[in-house]
Structures are given as C-alpha cells and as structure tokens.
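For the sequence shown, the working numbering assigns the number -16 to the initial residue and increments by one for each residue that follows.
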Amino acid sequence: MKKIYILLTAIILAVSCDSFFDINLKDQATLEDTMSRSATVRQYLAHLYSYIPRDENTRAYEGGTVLRSDESLNAKSQYETYWYKVRRGEYGSDNTTAESSANIWKRYYVAINECTTFLDNVDNDKEDSAELIEQMKGEARFLRAYYYFVLLRQYGPVIIWGDQAASQNVIAEELDRNTVEENFNFIISELDKAIDVLAYEINDPGLGLSLAANKGRVTKGAAMALKTRVLLYAASPLYNGQNGKGLYSGLTNHRGEQLFPAYDATKWHDVAVAAKELIDLNRYSLTKVASAGNSRLQNAAASYQTVWFQGWATNREIIWGWWYRSWGDESLGNGCDIAYSVPAGGKIALAGYSLNSPSLKLVDAYPMWETGRYPILGYEKTAGMLDLSRPIVDEASGYKADGWTNNYQQEVDVDPSWARPFKAHNSTVGRDARYYANFVPNGFWWPSSTTNSGGPVRFTCYNSGDATAPYSDTDACNRVGYVWRRLYKAENPLRNLASDYQSVTYVYPAFRLAEVYLTYAEALNEQTDRNADEAITYIDMVRERSGLCGIREAYPEINFNAADASTTINGVSRTGREWLRWIILQEKMCEFAFEGQRHYDMTRWMMAEEEYNTENWTLHVKAPNYEDSYTRVSTDYIGGRAVFQSRDYLFPFGSYQIAEMTNFTQNPGW
C-alpha cells in the first residue's frame, strides 16, 4: 500500500518559540548546505509529511469530529478526550489552548512555514534530477495547501501568508483573517501548481524512485482529489451564502473586508469539472471481489471491506492515504482502534474497551438489500429534538422497526457450521452489505470461530451475566447495542497483544474514488444547469459495489429530473433536487462511516443544528434479557447529550491567540 513516506526521525530544525508561527531561524548558509544534499532534502520533505491531520483517530485530534457528529455515540470514558466536551457544548476559547483540546492553530502554521522554507531552498539541491526536484516542490505545495485547508475547515477563513514565509517582524495588532475567497483561491491556485508538476505514479521512471520505499508520497491524483474536496466546500452553503441564513453576512475583519461571500451558483460547476477531470484519468477504480461460491451479499460485503483490507499494490480505489497511526494505548500498536471498538468483558476479546460505537442514527441509515431504499426518512420530534425511538419508516422499503425473525442465518464473515441460526430483531434483517461489514448488532455472532472464550460466541448486550458483553454502571461496556467492526478482519481472534493487535496494519483512505463519484453527483445536482441523469449514474456506481439496485429502480415514484416538483413519501415531501441531495448525503453517511466525512457534510450544509441535537438514544442495554434490550431508550447512556448551536459551525480561536492578536476577528458566538 502507499506506505506513508514519513521518516519520523525528522530533520533537526532550529526553531524559534517566541513568535506567532514558530518561524524557522536556521541561518541561510547552513540551510543552503543542508538543502544541497539529496539525503537531507528528502529527510526534510519527509518531515513535512509528519503534520498530516490525524483524521484516523476517531476519539481525539482532528479525527475527533467523528465523535462530534451524529454517526457515533462513544461510551463515556474515565479518559475522556476533548471532543467529548465539544460534543456536549462544554468548550470555548478559554479552554481551547492546546492540540489535545483541538487547538491546531500553532501546529499547522509551523507546518505551513516549514513547507515554504522547503520551497524557497530546494533548488539548492545539487544531487537530484530536475524532474525529482519539481516533484518535491509539488509535494510541498500540496502539503502547504492541505494544511491551510485543515485550518479552514475548522476555523473558517484564516491568515494566508501566500507564497512566502511568515514575517519575523510581524506586528500582532495588525494581524487579522483573510476573506473566504482569498483562502480558497490561494489553496486552489497552489493545488493547480502542484497538479502541473506532480507525477501520476511515484515510481515514474523520470523520478528515479522505487515504489517500495516511497509509498504514500503525493501524486497528481492526490492533488486533484484534494482540489475536488476543497472546491466542494467552497461551493457549499457554509462558505457560499449560508442558505440565506445570514449567520456570517455581517462579519468583517478589522480592515473592513467582508469575510464571507454572497451565494455564487457557478461554484458548483467548478466542483463538477474538477471531479470529472479526476474520474476521466481512468487510473482509479472501486474495489470489487467476486469469489466463486459466495452469495451476492457476501461478495458485496467483501468488496466494500477491501477498501481497508487490500494492499496498496492492487488497491486502486484509494487515491491517497497514510498508515493508520496509533495515538492511544501504545501496547496495542495500530490495532488500538480495534480495541476501542470491540466488546469489553473478556469473553469475546482481550483488551476490549467498547468505547467507539455507532449511533442508532448511523445504524438506521443503511439501505435495504432487496429494495435498495433507505428505510428511515427522518424522525418525529420530542421536545423540539429528533426522537430516534419514533422513526419515520419508508413503508415501501421493507424495513420493520419492531418484531423478530426466528431462525435467522447470518451470512457475512461467518460459517454456518458454527454460526447457527438465531432469533434476530427485524431491524437487523435484510440490510445492505455494508451494514454487516460495519456492525455486529446485539444478538449476532462475533465474526470469528475463535474468541477469548475459546469457540465462537454471539455478541449480546444487556444487564445480565448471561450476556457476552453485560452492562455495567462503572466498568467499560457497550452502551449502544452495536459494535463498530469496520477495522476488524474476520477470524482475527484478538487473544494476543503481539499477534492479534500489534500486527494490525491498515492504510487510512484519506481520498478514495467513491468520494469523487458522490462529489461529482452532488455538484451535478446543485449546479444551475442541473444533470440528474448523470448524477444518478455515479451514485449507482457506488451502490452497485454494495450490491444495491439503482436509484430509479429503488424510487420509481420520484421525478428526479424535475428539480422543483415535490414527491411525498410517508408524509415526507421533497422536490426532485431535495430528494437527490438527501440520497447523496445518506449514501455518504453509509459509505464513509467513521471516515471523517459526516461532520463536515453536516456543517458545510448547515444541517448540524437540526441533526445533532437529540437525546442519547440507545438500545435498552440495562434490560434484563435479550428480547427487552431491543427497546429504544434515552435513559441508559451515561454522559451528557449532544449540543449544537449556530456558533458551533466554526471553532473558536483560542483566547491566548486573541490576547496576542488584539484586532483579530473571533468567530460569532465566541
């Protein structure tokens, strides 16, 4: 796989700690000498990669937005990360002071400045070819643009230094934010420059690099994928007119410049063009497997799982990614996120913490296998909030919210010789392949014939010693009723730290082709010269990999081509454009679960106030038996509920930054 080219034995940089951005003060002569040699130039470039966002860590750092979103309901932990507080609304500029508390300001401006230092000096390299030097420049430009984007997606518009290092003589009182347009324009222009010089493959003969030693370095496709995502954000309501809500319409910097622009419909066209250019390279494809003798459902699940489980050499869906890093329990190595997810109690696995759990909302999102329809159209409200115990069921989907199926035979990642039929709740029956690839529902067999108990066991989650994962008021336990198992490969027994956890190695798919397909579809649906037919073609490509029928077959009653004509399904009325938008966001929620997309989809569309504010709905894990545990309740979860206000669309700048930069414009509400 594209093994990340991070040599964390980073080049030693002389850095000042008393200026705003930790400016590199290495004297010019020494820097010229350092940048004249191939070995140290490559070390420096590798160091620039060490700042890539830790999106794979779903409990902390940049990846903590998974916990912030409505796709996750992490168990309360005695080792709460800062994102637990963010989810409950217990944060502000006064306690946003360090990386561990989601203040990434310093980290990424250091990274940006080091990228600029590299670009300013790499031409001194006397030992590498002109082609390789241009490639390395492209990599540094990509990384600098990426780091600006990471700041932008969290804070909104930030300070853009352009193609120069931060001034050592900067006056704090004069610093303020550049506009949204200036932010996006610089990032996109840098990516265009990178695209012009980057190779399609890192082992291009002109570069003289071996693939084995340089997997994970940036390619032309990676830069095109980032550009597509950046343009998507630029076109979305949060940064493009705010759906007429006016949340930031009056926000100006101290120079009097309007920070957020009015709506510009042409930006959606730019997204579509960028996405199609990447698609038309024909260098990437969705992962698919077809094993003789397996069922359609099993093949579809295996195809989806291959995104994570297939090596870089043959995986053509991941456009760019990095090795899954361990930021938790170091004794578990790269497998620590598996440990955070698997059931506690020791019967199924050693060292299970049951912290990372899917929300019931995520579980509800997945389509039905036979009809291809998304079963839940929305939720009724109680006390002004979505009530997940009152789903609005699409009756034509075939979904049943209540009742039981006797003698249900589990299919995915189990063998009928040991995974005997059992009594399954109807809500878990007949779902799409990704549902079974991502979750182990309460009552299902754990997908391994060998567990910490010896033989195979069913994961059962209720308040009894009879359960394999019994409820506890004090100890770690699954508090939702579903296990998140995406990173767990079937038949890994999880009984030995060294072989079963430490040896787990995955690549985080930062950019993959399925995202580009759905981004293209979204842009086609939203642009002025709308093309619903083309949009549906690319949605269906993603769905087909998961064994689902096409959108038009699933929803024959909807006229998707009529942008403004409404169709009502079980009391929910939407226009053709709105139905297609809803389908795309549902599909993204399912396809990219726990991949860090959901939170930014909800914020860029300014839907988070509606979608996040809800009680902590779970299965009745305090119930005394299996049957009663499938009641939905909001009283069993330990921990405060999610809170999202209009101020939360953008993160606050830390108080110490505002104290230094006294004319700097804080985000509204903070």
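Backbone N, C-alpha and C fix where the C-beta goes; we use that ideal spot for every residue, glycine too.
In angstroms with no decimal places, state the Cα-to-Cα distance between residue i and residue j.
i      : j      : result
Leu102 : Glu122 : 10 Å
Tyr538 : Thr365 : 29 Å
Val525 : Lys109 : 47 Å
Trp562 : Gly224 : 21 Å
Asp700 : Glu117 : Nothing about residue 700 can be read from this structure; the chain reaches only from -16 to 653.
Asp5   : Ile95  : At Asp5, the pLDDT of 38 sits below 50, so the modelled position is not reliable and the matter cannot be decided from this model.
Glu54  : Ala481 : 31 Å
Glu517 : Leu507 : 7 Å
Lys9   : Glu15  : Low local confidence applies: a pLDDT of 47 at Lys9 is under 50, so the model's placement there is unreliable, with the coordinate-based value given in what follows. Each residue's alpha carbon lies about 10 Å from the other.
Asn7   : Leu261 : For Asn7, the predicted model reports a pLDDT of 45, less than 50, meaning its position is unreliable; a value from the coordinates is still stated below. Near 36 Å, if we compare the C-alpha coordinates of Leu261 and Asn7.
Ala384 : Asn409 : 7 Å
Cys639 : Arg136 : In the sequence on display, residue 639 carries Tyr and not Cys. Those two C-alpha atoms are separated by around 21 Å.
Gln569 : Leu343 : 14 Å
Pro244 : Ile87  : 25 Å
Going by CA-CA distance only, name the one from the options that's closest to residue i.
i      : options                           : result
Tyr323 : Gly316, Gly335, Ser314 and Ile331 : Gly335
Leu115 : Glu164, Arg25 and Arg37           : Arg25
Glu73  : Arg615, Trp588, Arg308 and Arg630 : Arg630
Lys259 : Ser556, Asn599, Asp619 and Leu501 : Leu501
Thr597 : Leu568, Arg373 and Met644         : Arg373
Asp584 : Leu215, Pro404 and Tyr382         : Leu215
Pro326 : Ser455, Arg513, Lys198 and Lys250 : Ser455
Ile321 : Gly304, Tyr65, Trp305 and Asn339  : Asn339
Thr558 : Arg127, Trp66, Trp295 and Ala515  : Ala515
Ala459 : Pro476, Arg308, Asp611 and Ser60  : Ser60
Tyr65  : Ala148, Asp619, Thr41 and Thr433  : Thr41
Asn390 : Gly294, Gly426, Tyr639 and Tyr362 : Gly426
Pro220 : Gly438, Arg587 and Arg615         : Arg587
Ala155 : Trp653, Thr648 and Glu643         : Glu643
Ile655 : Met368, Pro358 and Asp385         : Given that the chain is displayed from residue -16 to residue 653, the structure contains no residue 655 and the question cannot be resolved.
Asn553 : Leu360, Val141, Ile170 and Ala148 : Leu360
Would you give the residue range spanned by the alpha helix (DSSP H) that residue i belongs to?
i      : result
Val125 : For clarity, residue 125 is Phe in the given sequence; the question names Val instead. Start and end: Ala113 to Tyr138.
Lys383 : It is not in any alpha helix (DSSP H) - Lys383 carries neither H nor E in the DSSP assignment.
Arg557 : Taken as a continuous stretch (DSSP letters only), Arg557 belongs to no alpha helix (DSSP H), being part of the beta strand (DSSP E) at Val555 to Thr558.
Trp251 : Thr249 to Ile262
Ser638 : Ser638 to Glu643
Ile534 : Ile534 to Ala537
Ile178 : Val163 to Val180
Ser324 : Cys319 to Ser324
Thr593 : As written in the sequence, residue 593 is Glu, which differs from the Thr given in the question. Where Glu593 is concerned, the enclosing alpha helix (DSSP H) stretches over Ala591 to Tyr595.
His30  : Ser21 to Tyr32
I'd like the span of the beta strand (DSSP E) that includes residue i, first residue to last.
i      : result
Met368 : Met368 to Val376
Ile359 : Ile359 to Thr365
Trp291 : It is not in any beta strand (DSSP E) - Trp291 instead sits in the alpha helix (DSSP H) that spans Arg279 to Phe292.
Gly304 : Ile301 to Trp306
Trp467 : Tyr465 to Trp467
Val490 : Val490 to Arg495
Ile522 : Run containing Ile522: none in the beta strand (DSSP E); it sits in the alpha helix (DSSP H), Ala515 to Arg528.
Ser60  : Element bounds for Ser60: n/a, residue is neither H nor E.
Ala407 : Phe405 to His408
Tyr101 : Looking at the sequence shown, residue 101 is not Tyr but Phe. From DSSP, Phe101 is part of no beta strand (DSSP E) but of the alpha helix (DSSP H) over Trp88 to Asn104.
Val423 : Phe422 to Pro424
Ser549 : Ser549 to Ile552
Taking 7 Å as the threshold (C-beta atoms), are residue j and residue i in contact?
i      : j      : result
Lys210 : Leu174 : yes
Glu574 : Ala504 : no
Arg560 : Ala546 : yes
Thr451 : Val466 : no
Asp377 : Arg356 : yes
Thr354 : Ser380 : yes
Thr388 : Ala407 : yes
Tyr419 : Ala208 : no
Ser76  : Gly637 : yes
Gly413 : Trp352 : yes
Ile143 : Glu165 : yes
Ala205 : Ile178 : no
Arg71  : Val626 : yes
Leu477 : Leu333 : yes
My assumption, with CB atoms under 8 Å, is that residue i sits in contact with residue j. Please give the rounded CB distance.
i      : j      : result
Lys605 : Asn446 : 5 Å
Ala727 : Leu190 : With the chain covering only -16 through 653, there is no way to say anything about residue 727.
Asp159 : Arg238 : 6 Å
Leu56  : Thr601 : 7 Å
Arg495 : Val423 : Contact doesn't hold; Cβ gap of about 24 Å is too wide.
Glu300 : Leu269 : 5 Å
Met572 : Ala348 : 5 Å
Gly199 : Trp305 : 6 Å
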